[in-house]
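What follows is one structure encoded as structure tokens, with my remarks underneath.
Residue numbers (my numbering): 47 to 130.
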């Protein structure tokens, strides 16, 4: 994590927001607060950076899950071959 727990507490991040991309969410929240009525258009770069980080983190988690699943299936297959 690139953001400390104290910084996350300072910006009142919810538990679901305290992930690997919290360091990009904080500037997005600042931008939205500073440009309140027009935040949708003014904060595009921050939003895109945060969305990209969330997407890449999601893809990485899926890849790790699939790898672990394949390794478990391989282990079970080897154990079945050894037992036979």
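Even for Gly, the Cβ is constructed at its ideal location relative to N, Cα and C.
Note that the structure is predicted; figures quoted are calculated from it, not measured.
- Quick one, which of 70, 115 and 113 has its alpha-carbon nearest residue 93's? 70
- Query: Taking Cβ positions, are residue 67 and residue 100 nearer each other than 8 Å?
  - Reply: yes
- Can you have a look at residue 74 and say buried or exposed, based on whether 16 or more other CB atoms are within 10 angstroms of its CB? buried
- Task: Hey, could you find the ends of the alpha helix (DSSP H) residue 116 is sitting in?
- Result: 90 to 129
- Message: For a test of the three-state rule: what should DSSP assign to residue 76, helix, strand or coil?
- Response: helix
- Close Cβ partners of residue 103 (< 8 Å) along its chain, the five nearest in sequence each way excluded: 65, 66 and 67
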